[in-house]
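Quick notes on the structure that follows.
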Amino acid sequence: MATRAQPGLLRETVKAGAVRSTALFGSIALFVATLLMALALASYQPSDPSLNTASGAAAQNLVGLPGAWFADIALTLFGPAIALLLPVAPIVALRLWRAQPAGQWLRMLRNAAIGVALMATALSFVSSMSVLALPAGWGGLIGLSLSHVAAWALAFADNTLVSTWGMRAIGLVAMVAGIVIWAKSLEIALGDRQWRRRRVARIAYAAAVSDDDAEEIDDEPLTLDRKAVTPRAVAAPDPRPAPVIADRSLAPSAAKPRPKQAQLDLGQTYKLPPIDLLAPPPPTPKGAIDKAALERNARLLENVLDDFHVKGSIIEVRPGPVVTMYE
Numbered sequence: 314m315a316t317r318a319q320p321g322l323l324r325e326t327v328k329a330g331a332v333r334s335t336a337l338f339g340s341i342a343l344f345v346a347t348l349l350m351a352l353a354l355a356s357y358q359p360s361d362p363s364l365n366t367a368s369g370a371a372a373q374n375l376v377g378l379p380g381a382w383f384a385d386i387a388l389t390l391f392g393p394a395i396a397l398l399l400p401v402a403p404i405v406a407l408r409l410w411r412a413q414p415a416g417q418w419l420r421m422l423r424n425a426a427i428g429v430a431l432m433a434t435a436l437s438f439v440s441s442m443s444v445l446a447l448p449a450g451w452g453g454l455i456g457l458s459l460s461h462v463a464a465w466a467l468a469f470a471d472n473t474l475v476s477t478w479g480m481r482a483i484g485l486v487a488m489v490a491g492i493v494i495w496a497k498s499l500e501i502a503l504g505d506r507q508w509r510r511r512r513v514a515r516i517a518y519a520a521a522v523s524d525d526d527a528e529e530i531d532d533e534p535l536t537l538d539r540k541a542v543t544p545r546a547v548a549a550p551d552p553r554p555a556p557v558i559a560d561r562s563l564a565p566s567a568a569k570p571r572p573k574q575a576q577l578d579l580g581q582t583y584k585l586p587p588i589d590l591l592a593p594p595p596p597t598p599k600g601a602i603d604k605a606a607l608e609r610n611a612r613l614l615e616n617v618l619d620d621f622h623v624k625g626s627i628i629e630v631r632p633g634p635v636v637t638m639y640e
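In structure tokens, the structure reads:
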């Protein structure tokens, strides 16, 4: 049985090791990718060759040409607020490193992107022009588009004061809503802190329990519990009267007539010896009865009847030549 179960156990062990190794490699890859994206955004140069810049010069970005293209596209879409999307990858990587489920990381990324888009919209109300060499201003294309939609809707009021304060109010609401949505999308951070607190609490509790057990062992004397030995029951004599065993009466059998001895051809002068010279045969114990065996059989029969819940006692045994009767 053990040899048959061993391949299955080995298969499960290899499978678990492969899953764990994949999770570790995935977490390391996410950490490295986040670091490279952060370096690309931090070292962004508008003169680097990218989607919005046609240049034959070498890229000055720390991540090279791929970093220059990534930074240009990211800042074009969301503006500087794109940096708030980077924490999503390290959070998922940390969960994989701790052998925890990755969870709803797609929903987490989606909510974080919505929050960043709202914050980019609020930043686009500050300035929609190219600021600090940003390709699409503070809010990027998404922020500019949403802010232009809001300005277009407020233009129907045909009042400069309403349009001005309306855009300020929309920008403030968009900023607050974006921060709240982005923070809620990163609730996993709170879960990690709670996980760490629970882990520390479990370790402290285990240490306290072990200390208490050690103190109890030192204080209490060592005792050996022994089970009480019950004495064996003494066999008492059976109070029931012994059955009466009657002697078997045998009818005397008729003696067979002895055949007459034929006369031998010994001549007329020879005399046969008399039959009185032969000794009589010894008596055979043909009708002897073993009364002890019959009494044992009677007691055994009483025990068998008692097993079948038949109460009674045998008071007389009548042995016969073929059948023995028990009363």
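Note that the sequence shown covers residues 314 to 640 in the working numbering.
The beta-carbon is built from N, C-alpha and C at its ideal position, and this holds for glycine as well.
**OP:** Please report the Cβ distance between VAL462 and TRP451, rounded to the nearest whole angstrom; I am assuming they are in contact, meaning their Cβ atoms lie under 8 Å.
**Re:** Here residue 462 corresponds to residue number 149 of the sequence shown, with the count starting at 1. Here residue 451 corresponds to residue number 138 of the sequence shown, with the count starting at 1. Not quite, the Cβ-Cβ distance comes to about 17 Å (not below 8 Å), so this is no contact.
Original post:
Looking only at DSSP bridge pairs, what is ILE558 linked to?
Top reply: Numbered from its first residue, the sequence shown carries residue 558 at position 245. Note: ILE558 sits in a beta bridge opposite VAL630.
**OP:** Pick out whichever of LEU422, LEU607, VAL475 and ARG333 has its Cα sitting closest to the Cα of VAL636.
**Re:** To locate residue 636, count along the sequence shown from 1; it is residue 323. Answer by Cα proximity: LEU607.
Original post:
With 16 other CB atoms within 10 Å as the buried threshold, where does ILE341 fall?
Top reply: In the sequence shown, the residue the question calls residue 341 occupies position 28. ILE341 is exposed by the Cβ-count criterion.
**OP:** Put GLY504 into one of helix, strand or coil per three-state DSSP.
**Re:** What you label residue 504 is simply residue 191 of the sequence shown in a count that begins at 1. With a pLDDT of 49 at GLY504, under the threshold of 50, the modelled position of that residue is not reliable, and the figure given next carries that caveat. In this structure, GLY504 counts as helix in the three-state DSSP scheme.
**OP:** Return helix, strand or coil for ALA318, following the three-state DSSP convention.
**Re:** Stepping through the sequence shown from its first residue, residue 318 is reached at position 5. Only weak support is given to the placement of ALA318: the predicted model assigns it a pLDDT of 47, under 50, and the question is left unresolved by the model.
**OP:** State the start and end residues of the unbroken alpha helix (DSSP H) segment that holds TRP495.
**Re:** Locating residue 495 in the sequence shown gives position 182, counting from the first residue. Run containing TRP495: 473–498, per the alpha helix (DSSP H) assignment.
Original post:
To the nearest angstrom, how far is it from the Cα of ARG408 to the Cα of LYS497?
Top reply: Translated into the one-based positions of the sequence shown, residue 408 becomes position 95. Translated into the one-based positions of the sequence shown, residue 497 becomes position 184. Taken atom to atom, the span from the alpha-carbon of ARG408 to that of LYS497 is near 17 Å.
**OP:** Express the C-alpha separation of ILE627 and GLY633 in angstroms, rounding to a whole number.
**Re:** Sequence index remark: in the sequence shown, residue 633 carries index 320 (1-based). Sequence index remark: in the sequence shown, residue 627 carries index 314 (1-based). Approximately 17 Å between the Cα atoms of the pair.
Original post:
Across which residues does DSSP place TYR639 in a beta bridge pair?
Top reply: Here residue 639 is taken as the residue at index 326 of the sequence shown, counted from 1. Per DSSP, VAL630.
Original post:
If you draw a straight line from the C-alpha of ALA415 to the C-alpha of THR366, how long is it?
Top reply: In the sequence shown, the residue the question calls residue 415 occupies position 102. In the sequence shown, the residue the question calls residue 366 occupies position 53. Using only the alpha carbons, I get a separation of about 38 Å.
Original post:
Terminal residues of the continuous alpha helix (DSSP H) containing PRO379?
Top reply: Against the sequence shown, residue 379 aligns to sequence position 66. Its alpha helix (DSSP H) spans residues 378–391.
Original post:
Does DSSP put ASP361 in a helix, in a strand, or in coil?
Top reply: Counting from one through the sequence shown, the residue named residue 361 turns up at place 48. In this structure, ASP361 counts as coil in the three-state DSSP scheme.
Original post:
Between THR389 and VAL327, what straight-line distance do the alpha-carbon atoms span, to the nearest angstrom?
Top reply: Counting from one through the sequence shown, the residue named residue 389 turns up at place 76. Counting from one through the sequence shown, the residue named residue 327 turns up at place 14. The alpha-carbon atoms of THR389 and VAL327 are separated by roughly 46 Å.
Original post:
CA-CA distance, ASP361 and VAL493?
Top reply: Taking the sequence shown and counting its residues from 1, one reaches residue 361 at position 48. Taking the sequence shown and counting its residues from 1, one reaches residue 493 at position 180. Their Cα atoms are separated by approximately 35 Å.
Original post:
Just curious, the alpha helix (DSSP H) that PRO403 is in, first and last residue?
Top reply: Taking the sequence shown and counting its residues from 1, one reaches residue 403 at position 90. Where PRO403 is concerned, the enclosing alpha helix (DSSP H) stretches over 401–410.
Original post:
Which term fits GLU615, buried or exposed, when burial requires 16 or more other beta carbons within 10 angstroms of its beta carbon?
Top reply: The residue given as residue 615 occupies position 302 in the sequence shown. That one is buried.
Original post:
VAL429 to PHE391, Cα distance in whole Å?
Top reply: Start at 1 with the first residue of the sequence shown, and residue 429 comes out as number 116. Start at 1 with the first residue of the sequence shown, and residue 391 comes out as number 78. The alpha-carbon atoms of VAL429 and PHE391 are separated by roughly 7 Å.
Original post:
For GLY504, which residues of its own chain have a beta-carbon under 6 Å away from its beta-carbon, when the five flanking residues on both sides are left out?
Top reply: Against the sequence shown, residue 504 aligns to sequence position 191. With a pLDDT of only 49 at GLY504, under 50, the local geometry of the prediction cannot be trusted, and the value read off the model is given with reservation. Excluding sequence neighbours, GLY504 sits near nothing in its chain.
**OP:** Could you work out which residue in LEU613, TYR357, ARG631 and HIS622 is closest to PRO448 when comparing CA atoms only?
**Re:** Reading the sequence shown from its first residue, position 135 is the one you call residue 448. For the residues LEU613, TYR357, ARG631 and HIS622, the minimum Cα distance to PRO448 belongs to TYR357.
Original post:
With C-beta atoms as the reference, is LEU397 less than 8 Å away from TRP382?
Top reply: Position 84 of the sequence shown holds residue 397. Position 69 of the sequence shown holds residue 382. Contact: no.
**OP:** Use the C-beta contact count for ALA502: other C-beta atoms within 10 angstroms, 16 or more gives buried, fewer gives exposed.
**Re:** As a first step, residue 502 is located in the sequence shown; it is residue number 189 there, counting from the start. For ALA502, the predicted model reports a pLDDT of 47, less than 50, meaning its position is unreliable; a value from the coordinates is still stated below. So ALA502 ends up on the exposed side.
Original post:
Is the CB-CB distance between ALA514 and ALA412 below 8 Å?
Top reply: In the sequence shown, the residue the question calls residue 514 occupies position 201. In the sequence shown, the residue the question calls residue 412 occupies position 99. Cβ distance not < 8 Å, so ALA514 and ALA412 don't count as in contact.
Original post:
How many Å lie between ASP385 and LEU399 at the Cα?
Top reply: For the purposes of this step, residue 385 is identified with residue 72 of the sequence shown, where counting begins at 1. For the purposes of this step, residue 399 is identified with residue 86 of the sequence shown, where counting begins at 1. Computed Cα separation, rounded: 16 Å.
Original post:
Just curious, the alpha helix (DSSP H) that ALA430 is in, first and last residue?
Top reply: What you label residue 430 is simply residue 117 of the sequence shown in a count that begins at 1. Residues 418–437.
Original post:
Assuming ILE455 and ALA433 make a contact with CB atoms under 8 Å, what is their CB distance in whole Å?
Top reply: Counting from one through the sequence shown, the residue named residue 455 turns up at place 142. Counting from one through the sequence shown, the residue named residue 433 turns up at place 120. Their Cβ separation, rounded to whole angstroms, is 6 Å, which keeps ILE455 and ALA433 in contact under 8 Å.
**OP:** Alpha carbon to alpha carbon, how far is SER437 from LEU343? Give it in angstroms, no decimals.
**Re:** Here residue 343 refers to the residue found at position 30 of the sequence shown. Here residue 437 refers to the residue found at position 124 of the sequence shown. Rounded to whole angstroms, LEU343 to SER437 spans 30 Å at the Cα level.
Original post:
Since LEU398 is in the alpha helix (DSSP H), which residue starts that stretch and which ends it?
Top reply: Reading the sequence shown from its first residue, position 85 is the one you call residue 398. Element bounds for LEU398: n/a, residue is neither H nor E.
Original post:
Under a three-way DSSP split, which group does GLY625 fall into?
Top reply: As a working note, residue 625 is residue 312 in the sequence shown. Three-state result, GLY625: coil.
Subject >> CA-to-CA distance, LEU613 to HIS622, given in whole angstroms >> reply: Counted from its first residue, the sequence shown places residue 622 at position 309. Counted from its first residue, the sequence shown places residue 613 at position 300. Rounded to the nearest angstrom, the gap between the Cα atoms of HIS622 and LEU613 is 14 Å.
**OP:** Return helix, strand or coil for SER356, following the three-state DSSP convention.
**Re:** Counting from one through the sequence shown, the residue named residue 356 turns up at place 43. Note: SER356 maps to coil in three-state DSSP.
Subject >> ILE455 - containing alpha helix (DSSP H), residue span >> reply: Numbered from 1 along the sequence shown, position 142 holds the residue referred to as residue 455. Element bounds for ILE455: 453–467.
Subject >> Cut-off 6 Å between Cβ atoms - residues of its own chain near LEU349, not counting five sequence neighbours on either side >> reply: As a working note, residue 349 is residue 36 in the sequence shown. Answer for LEU349: VAL376, listed in chain order.
**OP:** Please check the pair LEU354 and ALA387, which I expect to be a contact at CB under 8 Å, by giving their CB distance rounded to whole angstroms.
**Re:** Locating residue 354 in the sequence shown gives position 41, where the first residue counts as 1. Locating residue 387 in the sequence shown gives position 74, where the first residue counts as 1. Rounded, the Cβ-Cβ distance is 7 Å, consistent with contact.
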